[in-house]
Structures are given as structure tokens and as C-alpha cells.
Amino acid sequence: MRKWFVVWLLALLPVLPANAQGDGIDLPTEWYILLNSGVVQRYGLGAAGVVTVTPPDVYVVDFGIAPDGNWIAYRTETGLYLDNLSDMDDAPYQLEGSTADVPPLRQDAGQTITWGQDALAYTTIYGARVAFDIASGSPRFADIATSAVKHLSWSPGGTFLAAEVENNVWWIYRRNGYQMDLAGALPSSFGTDWLDDGRLVFAPAEGGLYVLDLFNANRQVLLAEPPQLYRQPYVRQDGAILVFTRPLDDEILGETGAFIQRLEPNANGVYDVVETSANAVDMSGLKWAPRGELLVAFRDGGLNLVVNSAEGTFFVDIPVDDVVAYGWGPLRPAPVRGVSTPGDVYFRAPDPFGVLQVWRLNEDAPIMLTQAISDVNGYAIKGDQLAYASGGGLWMLSLNAPDPPAVEFAK
118 MRKWFVVWLL ALLPVLPANA QGDGIDLPTE WYILLNSGVV QRYGLGAAGV VTVTPPDVYV
178 VDFGIAPDGN WIAYRTETGL YLDNLSDMDD APYQLEGSTA DVPPLRQDAG QTITWGQDAL
238 AYTTIYGARV AFDIASGSPR FADIATSAVK HLSWSPGGTF LAAEVENNVW WIYRRNGYQM
298 DLAGALPSSF GTDWLDDGRL VFAPAEGGLY VLDLFNANRQ VLLAEPPQLY RQPYVRQDGA
358 ILVFTRPLDD EILGETGAFI QRLEPNANGV YDVVETSANA VDMSGLKWAP RGELLVAFRD
418 GGLNLVVNSA EGTFFVDIPV DDVVAYGWGP LRPAPVRGVS TPGDVYFRAP DPFGVLQVWR
478 LNEDAPIMLT QAISDVNGYA IKGDQLAYAS GGGLWMLSLN APDPPAVEFA K
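Going by my numbering, the first residue of the sequence shown is number 118, and it counts up by one from there.
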């Protein structure tokens, strides 16, 4: 059995000033950090704490989290492995041996392993490689030959793969069965992000902000006029675009200073500038966190969370040294009010300690049904009986009895 190491997250995250974010920082989702010691740690939500999610006897080089948050892919000197985060007792599955290679570049928090809908892409010394049918037991592979890749990004539907190489050059590939065909290129862009499955927002060195429409003969649509410089665009879930910006000839801000700007589409589909921050920030090592409410400053192996508000920019130091890379889990769905359901709704979600449990959503509030010690990996309901799998065993629970004990009936 693999040992989990838990440290309370609330003790690690210093509290912001009272006029900033209230009592503390709320992470948008689970945060994964790879340390120079070769282990990946997960910073959970609420009181979930910090957990080591990779085996203690391996040295991890890089990693990527699956879109559903249930799997981690990581590389060691012996190969590429997939591990189930919902059942840490399971042995990792080796997807590829030493031919999986190692990332030639690890800088600026670039993603060197990234999951698509049903494929996994990772950087190699000769460019990149894509593994298809990764859950079949007989994966297929396609190689992408290019210069050293520092960042990979799938489009939301998994149709396209964007690869950033040195000097801010981007190559975009389209999936064609078990092949990856070159579909487009950007001579320069300081960051990109996907607007949808076929449109990529980019920020060229000479200024301006554009969309590359890969489904429409690579048509380029202007979002914001040059010579204003734009850097590191981020597309929010609601379609708004956050981006760093400054005038081209601004001598006061310097090369790394910029303001944060928000653009939103109007009724005609044209993006308008709706807000620009009053305070400039230093863009060095800054990357957007999911939802765009926080930024992460990754500088000299250290991490800071950055909150930019109307009252100023606040930096919160994360007391973790020798950070190699980091990544995020999937965003949780936004709360919805006033939704009627024909009956009770059952779902899995973490308890306050980060353990996946079975919950029931009644008319007024969710109720946690199970009190498992380890994650509930699956469950079934028939009548007033709930059967669930946890910790390598099968358990039965009566839904109608008051405070019913869970009975293990198979192991």
C-alpha cells in the first residue's frame, strides 16, 4: 500500500491582508507541484491538505493531469506511466518504456505532458510524441519531428495540438486518425489559448491580438489593434479574454511591465475592451491560474500566488522550494440554483479531507452518505441499498436506516 503524506494546506498558505481576499486564498481547483526531489504533491481544496501522489521510490521528471482529474501521467528514467489518483493502491500502468524519452526543455511552467480527449502528447528530444488508445492496452504512437518543444496544448475537442518551440514560434498539428498533420504555424506569439476547438488566440511580437481560425483556411481575425503589445492571453469559461498589455513605446514599464486587460464579445461577436487594471504588474514568470482570478509567479524555483484587485496587487508566498513544474486539475462546475430534478441525485465528491465519497442531493442540500477511509471508486444503487467499492473491498449501505453502518461483503 502506498503511503500518503498529509500536511494541512491552511497552515502553508499565509493569509492575505483583510482588505484583499477576506480570510485567505481559495484555489480554483487542485494544484499539483513537481519538486526537484522528484515527487508530485497535490494541494487540495479546503482542508484537503497536501498529498504526495507519486510513488516514493521513483524520480518523476514531468507529469500531466487528465481532464477528469482521476489520472496522472508521469515520466521517469524507465518510461511513461499512468496512475489512478482515485485508487492509489493500484499499481501504475507503464504506457511506454525508455523510448518515452525525457523533456528537453522545462521552463516557464510549460506543459511537457498534456492529455487530450483520448490521447496523450509529450515532448521528446526530437520534438513530440502522441499516444492514442491509451486505455486499450495496445496504444498507437505518432511522432512529431521539430525543434525542442517547451509547451504543448490540445484544443478543447482534441482536434488540434499546439506546440511551442524556442523563440516564441508555434506549430499547430491536426489529428488525422493515428497521425498528426501540420495544420498551421505562428512565426511568433507570446502565449496562446484556445477559444474553442478550432480557434486559437495569439499575441505576435509586433503587437496586436488575433484569432487563428483553423477550421476556416487559417483565417486571422483581429481582436485588438497593434502597435499595442499583448502577452499571455487567457480565455475564461465565459468566453472573455484576459491578457497583459502595454503601449509599444512605453519606456516607464520596461520589457516586463504590463497592465491586465479584459475583453468580452459584444452582440455582434466583436471583442470590446471592458476593463483595464489600474496597477501594472511584472509579467516575469507569470501564468494564469484556472478561471483567471489568480496568477502564479514561477521564478527561480519558487512560487507565489498573485491576486490582482482594485485595491492593489498582492503576492502570497508558497513556502515550497526547488519547484520544477506545476499543473492544475479540472475546474469544478459552477454552483447552480433553482434547478428541479425528478428525484434525488447521487454523485461522488470529496469530503472535507479530500476523500471521494458518495453524496445525495436532496431538495435543500447535499448529504454525504459514505464515510470511507479511502476514495470510493464506484457505486450502484438499487432500491434502498447502496453498494460501493473502496479500499479494495465492496461495501453495502442501507439508505433508509438512521446512521447505518457500512458492511463489507467482499474483498
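Glycine residues also receive a C-beta, built at the ideal position from the N, C-alpha and C atoms.
Using a 10 Å radius around the Cβ and a threshold of 16 neighbouring Cβ atoms, would you call residue i buried or exposed?
i      : result
Ile490 : exposed
Arg416 : exposed
Gly139 : Because Gly139 sits at a pLDDT of 35, beneath the cut-off of 50, its placement in the model cannot be relied upon, and the point is left open.
Asp368 : The sequence given here places Glu at residue 368; Asp does not occur at that position. Glu368 is exposed by the Cβ-count criterion.
Ile358 : buried
Met297 : buried
Gly371 : exposed
Val168 : buried
Glu281 : buried
Thr393 : exposed
Asn98  : Absent from the model: residue 98. The displayed extent of the chain is 118 to 528, so no value can be given.
Pro220 : buried
Trp125 : Per-residue confidence for Trp125 stands at a pLDDT of 26, beneath the threshold of 50, marking its modelled position as unreliable; no derived number is given.
Ser305 : exposed
Pro209 : buried
Phe470 : exposed
Met485 : exposed
Thr216 : exposed
Leu326 : buried
Phe432 : exposed
Asp207 : exposed
Phe482 : Per the sequence shown, the amino acid found at residue 482 is Ala instead of Phe. By the 10 Å Cβ count, Ala482 comes out exposed.
Ser401 : exposed
Pro522 : exposed
Leu503 : buried
Kindly give me the distance between the Cβ atoms of residue i and residue j, rounded to whole angstroms, as I take these residues to be in contact under 8 Å.
i      : j      : result
Leu365 : Pro344 : 4 Å
Tyr463 : Ile498 : 6 Å
Ala190 : Ile230 : 5 Å
Thr195 : Asp218 : In fact, because the Cβ distance is near 12 Å, the residues do not count as touching under 8 Å.
Asp314 : Gly274 : 3 Å
Gly446 : Glu147 : 4 Å
Val328 : Leu346 : Val328 to Leu346, Cβ: 17 Å. No contact.
Leu269 : Ala238 : 5 Å
Phe307 : Gln337 : That pair is no contact at about 16 Å.
Val177 : Gly155 : 5 Å
Phe526 : Leu511 : 6 Å
Asp310 : Val352 : 5 Å
Val440 : Leu420 : 6 Å
State the DSSP-derived secondary structure class of residue i, mapped to helix, strand or coil.
i      : result
Ser215 : helix
Glu372 : coil
Asn517 : coil
Asn385 : coil
Glu281 : strand
Asp200 : strand
Ile142 : coil
Gly233 : coil
Pro350 : strand
Phe332 : coil
Asp260 : strand
Val170 : coil
Ala302 : strand
Ala248 : strand
Ala238 : strand
Gly210 : It is Tyr, not Gly, that sits at residue 210 in the sequence shown. Correct three-state label for Tyr210: strand.
Quickly, what does DSSP pair residue i with across the bridge? List them, please.
i      : result
Asp179 : Arg192
Leu151 : Val157 and Ala442
Glu525 : Trp512
Pro483 : Leu478
Tyr297 : In the sequence as displayed, the identity of residue 297 is Met instead of Tyr. Met297 pairs with Arg292.
Ala504 : Ala497 and Met513
Phe319 : Thr309 and Tyr327
Gln378 : Val360 and Thr393
Gln337 : Leu329
Ser270 : Ala279
Does the beta carbon of residue i come closer than 8 Å to any beta carbon on chain C?
i      : result
Thr241 : Looking for chain C here will not work: only one protein chain is present.
Is any non-hydrogen atom of the ligand ZN found closer than 7 Å to the C-beta of residue i, if you look at the structure I gave you?
i      : result
Gln474 : The ligand ZN is not part of this structure, which contains no ligands at all.
Jot down the residue ranges of each uninterrupted alpha helix (DSSP H) in the region 390 to 472, minimum 4 residues, whole runs only, in chain order.
-> With a minimum length of 4 residues, no continuous alpha helix (DSSP H) run stays inside the region 390 to 472.
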